[in-house]
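Enquirer:
Chains as they are written, first to last, in our numbering: chain A, 284 to 931; chain B, -15 to 302.
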């Protein structure tokens, strides 16, 4: 099955995009939701500022869902929704919308991602604490297995773990441990006889990096472990139910901002990892666009990714043979090595009491692996063409167009969505909404399955923010571990020593240690960059205040003021920097904080001047892979702003 | 009036917005004279009595649920109209000198509320103990804030240090961990003023933990220590009872005597940190120094006492 991950601006605009993609030969829908929808906030919530319609489509109620799939027959569609914390809610909206089309829930086909542990570990769009989150997932699995039997209620994602720095062994082990946590929770909620069916509905969403031979071995290893798990732990015997099913999105972490055309061959090679051997071939493939490290892909960029798949499938001969690695000693050896490594790692997670309890441990391990990856690139031990080798380049005509080679979302979308939301609230039967929310609150506190009350709320016209707030009130709020404290310090190196001394020197003159605030404003949960900056700043001797993701401008200003920091580092990858950074700068000024601000993230070149105009001291983008250089800049910035003379 | 003294005067007038600058000042090692000038403005002599704020020490082993509990406490204090300052001392390691201060992230508060101030400080070289800056900050802020919380990790040294600053020390333990129990029995841990058992939603286990603690306290001869069970998970439970227990302890306390004792103790510690054993010998040893301090004016703040000790030592050894 071929899909491209898409959605932006409004439901209506996304609907046009989907219809266009279906006409080009795409065979399913893959819905990208915006961050407020993913984290359970309406467009008029403070945290939604700057994020509405940015990385996906806003869906606030059944009216939005209806507009999103208008003219698309849901009975014939296979729809993948990248939705996690609010998955139960989106499925409810989808079911209600299908009802309107006269399509029964029984025939609906598709997948809700619904994997919360990787949200705590890597992606950051969680809404509720781990315990209640797992309960929602278990409720959904238990519900769909009977009522929406063709639905894949959960897609265990190892994808994001690799994006967060996981080694192949960690990727296998942590995702298997995650699946165990889900299956164990479901086992408590369904009839034992249904476990085979439940097991067969669990699919995976994996990553494939450019080391595609090892990556292929990884998938074979996952198949082996999955089957073993089914037989031994859950007593599944049916061969079909035991099959390891997975979809794939190939690696984005390795895509580069400089010489972005090279990303095309990276994507092709990564696609080979998941297609070469028949015994471990992906069911559904999504390829990222060549310009992901630059900003949002345009329709043409997405078409290019779809064409890569079509060439692979229809022009090459890879689909014509049985498994080409069967009998290969090298492949067997690689697989065995990964299986052994993963077993050992799974045992550690089990010792912690399972994946839910081991979130802190896993997060710390990932931050550590990622730190090592960056250090290898800095030292030149891991070659990234165009970054730390062969970095001289002709100007790329690809990014030279008027739009800078990316899609920009109309900033008017947010106000439009807010107005539409207000109309929706005014036009609905408020008494029915209140009653539905009261029932939802009651069920949340009880042991009953959440789905019936959620579907009733969808029918009544409840909004995404209202549904999530009701559950937040019932379950409590939560902040995931940052992993930064757990990650061990990096090995001392020469360039480190030099920086440590400089930090020490400047701190001595200042009279107190250099203190930095690392903040992630907005809803974007991609915290790799922020975490690595925090870890490195600590390693070179700074006091680091890092509060994790999802901060409002006023929270950042308050922390900066209370903590008396010398410098502030902000990280944003969702494209909302144009709205959020000025808001943060204003909040800082209002609080009377004059510490310099540096910004890192996916910031198109065209936006840099604007950020500097509003007072940002420096901007770093993915091409600035050398963390040491960034840290050196930051230390000099602090010295300069505080009148500390340069070293003699 | 110097800038530093003006800061102290703002605290005396209960201007909460002075807090960030006060912390920046006390943490700056090169500005000891200014710190002393600021502290003089909030000394009991200047205030005409002890600072009104309640100094609460909160300590316990990692993972006991301190930050989550603190989050609930801050909310409850604010609901009662009390202003709150939290000084979170982070234990993070200092191999390179750097540290990660992540504690404030776990405290859920309204960033636009001027009645809440949170500052994190690295424990630094004071392994598990309390940085002198934290002590000075606590004393200064208690002139302006209704409640000043000093949060430290660990049981043992840090808890003893906190006791030297706080009016009331609450030790947090979680059910199932026998540590606190063992420490009390072995006499490693001083008897806290209030014992808090977190995660009381754990039911039977928490109940047993509470019973065991009562027994341990009885065998240590401390029958009147309050043991409060709290749950920070929604719906939070026991928070008001805990606040009541903290206040009850303070109401029964001779605050002036405890703080006077604390100031003299701190002065001696600071003097020793500066002048070492040799300095102490010049004063005729620890006991003699303590006796001499007891004869000093009661309203003096720590830097003045340290100065007086230094002067005396210089005189004795000359």
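From the three backbone atoms N, C-alpha and C, an ideal C-beta is built for every residue, glycine too.
#1: My understanding is that residue 204(B) touches residue -5(B), with C-beta atoms under 8 Å, so please give their C-beta distance in whole angstroms.
#2: What does residue 101(B) reach in chain A if we use C-beta pairs closer than 7 Å?
#3: If we count the other Cβ atoms within 10 Å of its Cβ and call it buried at 16 or more, is residue 599(A) buried or exposed?
#4: Can you give the Cα-Cα distance for residue 805(A) and residue 762(A), rounded to whole angstroms?
#5: Measure from the C-beta of residue 841(A) to each C-beta in chain B and report whether the shortest distance is under 8 Å.
#6: Between the region 812 to 825 of chain A and chain B, which residues of the former have a C-beta closer than 9 Å to a C-beta of the latter?
#7: For a contact meaning CB atoms closer than 8 Å, what does residue 547(A) contact in chain B?
#8: Give the DSSP-derived three-state secondary structure of residue 364(A) in the structure shown.
#9: Pairs of beta-carbons, one from the region 845 to 858 of chain A and one from the region 879 to 894 of chain A, closer than 8 Å: are there three or more?
#10: Have a look at residue 354(A) and residue 360(A) and give me their C-alpha separation to the nearest angstrom.
#11: Mind checking the region 297 to 324 of chain A against chain B and listing, in chain order, the residues whose C-beta falls within less than 7 Å of any C-beta there?
#12: With 8 Å as the threshold, decide whether the Cβ of residue 418(A) is near any Cβ in chain B.
#13: What residues from chain A crowd round residue 4(B), counting only those whose CB sits closer than 7 Å?
#14: Keeping to the same chain, check which residues put their C-beta closer than 8 Å to that of residue -7(B); ignore five residues upstream and five downstream.
#15: Measuring only the C-alpha atoms, how far is residue 351(A) from residue 297(A)?
#16: Between the Cα of residue 349(A) and the Cα atoms of 490(A), 383(A), 364(A) and 374(A), which residue gives the shortest distance?
#17: According to the neighbour-count rule (16 or more other Cβ atoms, all chains shown, within 10 Å of its Cβ), is residue 673(A) buried or exposed?
#18: Can you tell me where the beta strand (DSSP E) with residue 439(A) in it begins and where it stops?
#19: Roughly how far, in whole angstroms, is the beta-carbon of residue 101(B) from the beta-carbon of residue 229(B), given that I think they are within contact range, below 8 Å?
#20: For a cutoff of 8 Å on Cβ pairs, would you count residue 829(A) as touching chain B?
#21: Have a look at 644(A), 841(A) and 704(A) and flag the residue whose alpha-carbon is nearest the alpha-carbon of residue 767(A).
#22: Note down the Cα distance separating residue 104(B) from residue 71(B), rounded to an integer number of angstroms.
#23: Does any residue of chain B have a CB that is nearer than 8 Å to the CB of residue 765(A)?
#24: Give me the Cβ distance between residue 540(A) and residue 576(A), rounded to the nearest whole Å; I'm assuming they're in contact under 8 Å.
#25: I need the DSSP call for residue 933(A), collapsed to helix, strand or coil.
#26: Check the DSSP bridge columns for residue 672(A) and list the partner residues they point to.
#27: Would you kindly work out how many angstroms separate the C-alpha atoms of residue 484(A) and residue 436(A), rounded to a whole number?
#28: Kindly say whether residue 835(A), judged by its beta-carbon, lies nearer than 8 Å to any beta-carbon of chain B.
#29: Straight-line CA distance for residue 586(A) to residue 632(A)?
#30: What span of residues does the beta strand (DSSP E) with residue 384(A) cover, start to end?
#31: Roughly how many whole angstroms lie between the Cα atoms of residue 681(A) and residue 313(A)?
#32: Counting only beta-carbon atoms, is residue 258(B) nearer than 8 Å to chain A?
#33: So the beta strand (DSSP E) residue 103(B) belongs to, where does it begin and stop?
#34: Quick one: what's residue 135(B) bridged to in DSSP?
#35: Can you name the start and end residues of the beta strand (DSSP E) that residue 309(A) belongs to?
#36: What are the start and end residues of the beta strand (DSSP E) that includes residue 593(A)?
Expert: Based on what the coordinates show:
#1: Counting from one through the second chain, the residue named residue 204(B) turns up at place 220. Counting from one through the second chain, the residue named residue -5(B) turns up at place 11. Rounded to whole angstroms, the Cβ separation of residue 204(B) and residue -5(B) is 38 Å, and the two are not in contact under 8 Å.
#2: Working through the second chain from its first residue, we reach residue 101(B) at position 117. Chain A residues near residue 101(B): 845.
#3: Counting from 1 along the first chain, the entry for residue 599(A) is found at position 316. Under this definition residue 599(A) is an exposed residue.
#4: If you number the first chain from 1, residue 805(A) lands on position 522. If you number the first chain from 1, residue 762(A) lands on position 479. The straight-line gap from Cα to Cα measures roughly 14 Å.
#5: Counting from 1 along the first chain, the entry for residue 841(A) is found at position 558. Chain B, which has a Cβ nearer than 8 Å to the Cβ of residue 841(A), makes this yes.
#6: So the list reads 817, 818, 820, 821, 822, 823, 824 and 825, given in the order they occur along the chain.
#7: If you number the first chain from 1, residue 547(A) lands on position 264. Simply none; closest approach about 39 Å.
#8: Within the first chain, numbered from 1, the residue matching residue 364(A) stands at position 81. Secondary structure of residue 364(A) (DSSP, three-state): strand.
#9: Between the region 845 to 858 of chain A and the region 879 to 894 of chain A, the count of C-beta pairs closer than 8 Å reaches three or more; the two stretches touch.
#10: Stepping through the first chain from its first residue, residue 354(A) is reached at position 71. Stepping through the first chain from its first residue, residue 360(A) is reached at position 77. Answer to the nearest angstrom: the Cα atoms are 12 Å apart.
#11: From the region 297 to 324 of chain A, no residue has a Cβ closer than 7 Å to chain B.
#12: Looking up residue 418(A) in the first chain gives position 135. So, not an interface residue.
#13: Looking up residue 4(B) in the second chain gives position 20. For the C-beta of residue 4(B), the chain A residues within less than 7 Å are, from N- to C-terminus, 844, 845 and 847.
#14: If you number the second chain from 1, residue -7(B) lands on position 9. Once the five neighbours on either side are set aside, the close Cβ partners of residue -7(B) are -15 and 25.
#15: Taking the first chain and counting its residues from 1, the one referred to as residue 351(A) is at position 68. Taking the first chain and counting its residues from 1, the one referred to as residue 297(A) is at position 14. In this model, residue 351(A) and residue 297(A) are separated by some 6 Å (Cα to Cα).
#16: Within the first chain, the letter at position 66 stands for residue 349(A). When only C-alpha atoms are compared, the closest one is 383(A).
#17: The sequence position of residue 673(A) within the first chain is 390, counting from 1. Under this definition residue 673(A) is an exposed residue.
#18: Against the first chain, residue 439(A) aligns to sequence position 156. Start and end: 437 to 440.
#19: Working through the second chain from its first residue, we reach residue 101(B) at position 117. Working through the second chain from its first residue, we reach residue 229(B) at position 245. By a beta-carbon distance limit of 8 Å, residue 101(B) does not contact residue 229(B). Their separation comes to about 24 Å.
#20: Within the first chain, residue 829(A) is the residue found at index 546, counting from 1. Flagged as an interface residue toward chain B: residue 829(A), by a C-beta distance shorter than 8 Å.
#21: The residue you call residue 767(A) lines up with position 484 of the first chain. That would be 644(A), whose Cα lies nearest to the Cα of residue 767(A).
#22: Looking up residue 104(B) in the second chain gives position 120. Looking up residue 71(B) in the second chain gives position 87. The alpha-carbon atoms of residue 104(B) and residue 71(B) are separated by roughly 6 Å.
#23: Looking up residue 765(A) in the first chain gives position 482. Yes, residue 765(A) counts as interfacial toward chain B.
#24: Start at 1 with the first residue of the first chain, and residue 540(A) comes out as number 257. Start at 1 with the first residue of the first chain, and residue 576(A) comes out as number 293. By a beta-carbon distance limit of 8 Å, residue 540(A) contacts residue 576(A). Their separation comes to about 4 Å.
#25: Given that chain A is displayed from residue 284 to residue 931, the structure contains no residue 933(A) and the question cannot be resolved.
#26: For this step, residue 672(A) is matched to residue 389 along the first chain. Looking at the DSSP output, residue 672(A) bridges to 668(A).
#27: Mapped onto the first chain, residue 484(A) falls at position 201. Mapped onto the first chain, residue 436(A) falls at position 153. Looking at the two C-alpha atoms, the distance is approximately 7 Å.
#28: Stepping through the first chain from its first residue, residue 835(A) is reached at position 552. It does; some Cβ of chain B falls within 8 Å.
#29: Position 303 of the first chain, counted from the first residue, corresponds to residue 586(A). Position 349 of the first chain, counted from the first residue, corresponds to residue 632(A). Cα to Cα, residue 586(A) sits roughly 41 Å from residue 632(A).
#30: Within the first chain, the letter at position 101 stands for residue 384(A). Going by DSSP, residue 384(A) is part of no beta strand (DSSP E) at all; its letter is neither H nor E.
#31: Position 398 of the first chain holds residue 681(A). Position 30 of the first chain holds residue 313(A). Cα-Cα distance, rounded: 26 Å.
#32: To locate residue 258(B), count along the second chain from 1; it is residue 274. Residue 258(B) does not count as touching chain A.
#33: Within the second chain, numbered from 1, the residue matching residue 103(B) stands at position 119. Start and end: 100 to 106.
#34: On the second chain, position 151 is the one that residue 135(B) refers to. Partner residues in the beta bridge of residue 135(B), as assigned by DSSP, are 42(B) and 72(B).
#35: Here residue 309(A) corresponds to residue number 26 of the first chain, with the count starting at 1. For residue 309(A), there is no enclosing beta strand (DSSP E), since its DSSP letter is neither H nor E.
#36: For the purposes of this step, residue 593(A) is taken as residue 310 along the first chain, with counting starting at 1. Premise fails: residue 593(A) lies in the alpha helix (DSSP H), 582 to 597, not in any beta strand (DSSP E).
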